[in-house]
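Per my numbering, residue 105 is the first one in the sequence shown, and the count goes up by one each step.
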Amino acid sequence: MLNFKKNIDSLIVAIIGAVFVLLLTHHDGIGISPDSIWYASTANAINEGKGFTLFDNSPLIIFPLFYPSFLGSLQFILRIDVVQFAPYLNGVLFAMIIFISGCIIEKVNRTKWLKWIVLSLIVFSPALLDIYTMLWSETLFVLEILIFVWVCKKYFSTYTLKYLLLLGFIASISSVTRYAGVSVIATGGILLLINHDRKWKQKIIHAFIYSAVACSLFSINLIRNYFITGTLTGARLKGVTPLSKNIEYYGNVLSDWLPFSKYSHNFPLIVGIVFFACMLFIFIYRTIKKIEHNSYEKITAAFTLVYSVFMITTATVSKFEPINSRLLSPFYIPFLFSISFYIIHLIHHIKKVKIKIITSFIISVLSLVVLYQYIKNDKETYDDFSENGIGGYSEDEWINAPLVKFIQQNNSFFSNKLPMFSNSAHGVYFFTKHNMLSFPERVHSEDVEHFFSYPKTILIWFNNEGNDDLLNLKEISARKKLTPLNSFSDGTIFLCETDSLNKK
Numbered sequence: 105m106l107n108f109k110k111n112i113d114s115l116i117v118a119i120i121g122a123v124f125v126l127l128l129t130h131h132d133g134i135g136i137s138p139d140s141i142w143y144a145s146t147a148n149a150i151n152e153g154k155g156f157t158l159f160d161n162s163p164l165i166i167f168p169l170f171y172p173s174f175l176g177s178l179q180f181i182l183r184i185d186v187v188q189f190a191p192y193l194n195g196v197l198f199a200m201i202i203f204i205s206g207c208i209i210e211k212v213n214r215t216k217w218l219k220w221i222v223l224s225l226i227v228f229s230p231a232l233l234d235i236y237t238m239l240w241s242e243t244l245f246v247l248e249i250l251i252f253v254w255v256c257k258k259y260f261s262t263y264t265l266k267y268l269l270l271l272g273f274i275a276s277i278s279s280v281t282r283y284a285g286v287s288v289i290a291t292g293g294i295l296l297l298i299n300h301d302r303k304w305k306q307k308i309i310h311a312f313i314y315s316a317v318a319c320s321l322f323s324i325n326l327i328r329n330y331f332i333t334g335t336l337t338g339a340r341l342k343g344v345t346p347l348s349k350n351i352e353y354y355g356n357v358l359s360d361w362l363p364f365s366k367y368s369h370n371f372p373l374i375v376g377i378v379f380f381a382c383m384l385f386i387f388i389y390r391t392i393k394k395i396e397h398n399s400y401e402k403i404t405a406a407f408t409l410v411y412s413v414f415m416i417t418t419a420t421v422s423k424f425e426p427i428n429s430r431l432l433s434p435f436y437i438p439f440l441f442s443i444s445f446y447i448i449h450l451i452h453h454i455k456k457v458k459i460k461i462i463t464s465f466i467i468s469v470l471s472l473v474v475l476y477q478y479i480k481n482d483k484e485t486y487d488d489f490s491e492n493g494i495g496g497y498s499e500d501e502w503i504n505a506p507l508v509k510f511i512q513q514n515n516s517f518f519s520n521k522l523p524m525f526s527n528s529a530h531g532v533y534f535f536t537k538h539n540m541l542s543f544p545e546r547v548h549s550e551d552v553e554h555f556f557s558y559p560k561t562i563l564i565w566f567n568n569e570g571n572d573d574l575l576n577l578k579e580i581s582a583r584k585k586l587t588p589l590n591s592f593s594d595g596t597i598f599l600c601e602t603d604s605l606n607k608k
């Protein structure tokens, strides 16, 4: 069990982390992106008895169901809007991952200085603070990964059915928090099968039980999606980014996490390949040599490798945003654990005291270099957030926008019987709580034709939305007559109607 007496220092650091999240979100609250609004609108819909539906009344498919269910449950208990309690929720979640990390490090390491360095790298990590200042599912997903690591260690130390079922349950929950949770399921399956302490018959039986439990919720989620839309995870476009470029993006993120990032950014492809190759070599070597299969370093290294393969592969075969710090943030702590635990293992095997001291000193210096990079970045982030709010819809640029103010103050505007569209339908919902029809992306031809089929609509157009995948005004005006009803510096409300001269 987690030992509080030996981890008072972890608890103190966890409280500091929670306070840090609250400080970063004090200007205008939690950061809100389009994804955040998808989660929040679904949580609201659950409490309104509409089920898993979005701001445009379409079913939630593109994301799994657990995180909005989690938010909806808290909203039901607290009777407070998700956006209002989110900073405190994220502060608690951040404190929990710090404390659990401290407890895990305490089990592996007998040297307090290394524990404090690793905890500091977690507290001040820009990658983690980036997600814990936003309303994103990664905040819960990271916690689930750490619980998975802890339960995995317990299972491989006891081989009891209780911990096997718990391991499968945590993996199952993670897979319906983020679809990337299949990497958690895969990690558990791989570790079960390569275990050298059990006979093959026992391994296969336990792997079967684990797989049945771990895949249960994920399968239910996919089946539900298929029956509703005929797709498993929504309409996904084929990838356009080559494998080498994705490895380069991967290396860029790792460069931000490693010492002397300014220089390593010059060769991100090499950074990505070298890191992955080294981790894979050490993992395979320790597996072949049957070295401590139940160790935390083996478990975290396995997840680091599986998650890396998953993200690079999916980014290559499917189109979504380039691999960035947010997408890789769930494996930041396992990444940090993998490196630090292998370093601890190395130091313990150095026999000569002088060499051990020199090695420890070099590692401390490199860690402090990284910590300096992190704190410098955090200071710049804090200054920016304090002045402008967190980027996205919580930013002052959006909150104080004239068009936003207008639609907030004119509720009767939404009583119009005409269909209403916006290139920021989620933004309109966030600021007004009025449901809007989503504006189509040009690659989805059926949605585009559906939009053009309306003889007359209202179009709320934001100039600073910045989604280049959506139809633009030039494309719309080629087939529709756009008449400005209200114009502002940040956008325009149009009457969009069929023009007989342009009609196709």
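Each residue gets a CB set at the ideal place from its N, CA and C atoms; glycine is no exception.
Whole-angstrom C-beta distance between residue j and residue i, which should lie under 8 Å
i	j	result
D482	N492	About 16 Å separates the two Cβ atoms, so there is no contact after all.
P434	F245	5 Å
P191	L232	With 8 Å as the limit, P191 and L232 do not qualify as a contact, their Cβ atoms being about 15 Å apart.
F159	H530	6 Å
I274	V255	6 Å
N329	I165	5 Å
L169	F180	No, L169 and F180 are not in contact; Cβ-Cβ is about 16 Å, not under 8 Å.
A118	I209	With 8 Å as the limit, A118 and I209 do not qualify as a contact, their Cβ atoms being about 13 Å apart.
L563	F510	Going by Cβ atoms, the distance from L563 to F510 rounds to 14 Å, so no, they are not a contact pair.
L247	L197	6 Å
V547	L225	Their Cβ separation, rounded to whole angstroms, is 41 Å, which puts V547 and L225 out of contact at 8 Å.
I479	T463	25 Å between Cβ atoms; not a contact.
Given residue i as reference, the closest of the options once Cα atoms are compared
i	options	result
F489	G195, G133 and G338	G133
T291	M238, I202, P438 and N571	P438
M524	M540, N514 and T536	M540
L609	S429, I459 and S444	The structure shown has nothing for residue 609, since the chain only spans 105 to 608.
Y236	Y533, Y259, G195 and S162	G195
E425	Q477, I249 and R340	R340
Y143	P172, N161, A122 and G155	P172
R430	G121, A275, V227 and W240	W240
L295	S399, L577 and I503	S399
N515	M200, G206, H538 and F534	H538
T418	A284, S359 and T404	A284
N527	P559, S549 and D572	D572
K109	E569, K211 and S365	K211
Where residue i falls, given that 16 or more other Cβ within 10 Å makes a residue buried
i	result
G338	exposed
G376	buried
S519	exposed
C382	exposed
S261	exposed
K584	buried
N504	exposed
L347	exposed
I459	exposed
V532	buried
V357	buried
V378	exposed
F465	exposed
Under 7 Å between C-beta atoms of residue i and residue j
i	j	result
K423	G343	yes
C600	T536	no
I184	Y497	no
L321	V280	yes
Y314	G272	yes
G59	I141	Nothing in the structure corresponds to residue 59, since the chain is present only between 105 and 608.
A147	V186	yes
G121	V227	yes
L269	H310	no
T420	N350	yes
S412	F380	yes
W565	T587	no
L182	F189	yes
I675	A318	Residue 675 lies beyond the stretch modelled for the chain, which goes from 105 to 608, so this question has no answer here.
N567	D594	yes
P163	I403	no
Same chain only: Cβ atoms within 6 Å of residue i, ignoring 5 sequence neighbours per side
i	result
F592	P506 and L507
K521	none
D113	none
N213	K219 and I448
I468	Note that residue 468 corresponds to Ser in the displayed sequence, not to Ile. Contacts found: none.
T391	I298
I494	G135 and T237
G206	N111, S114 and L223
Beta-carbon proximity list for residue i, same chain, < 8 Å, skipping 5 on both sides
i	result
P544	D551, V552, H554, F555, L574 and L575
L384	L409
I374	G355
Cβ-based neighbour list, residue i, same chain, cut-off 7 Å, excluding 5 preceding and 5 following
i	result
D139	W240
Residue i CB to nearest heavy atom of the ligand ATP below 6 Å
i	result
P346	This structure lacks the ligand ATP; in fact it carries no ligand of any kind.
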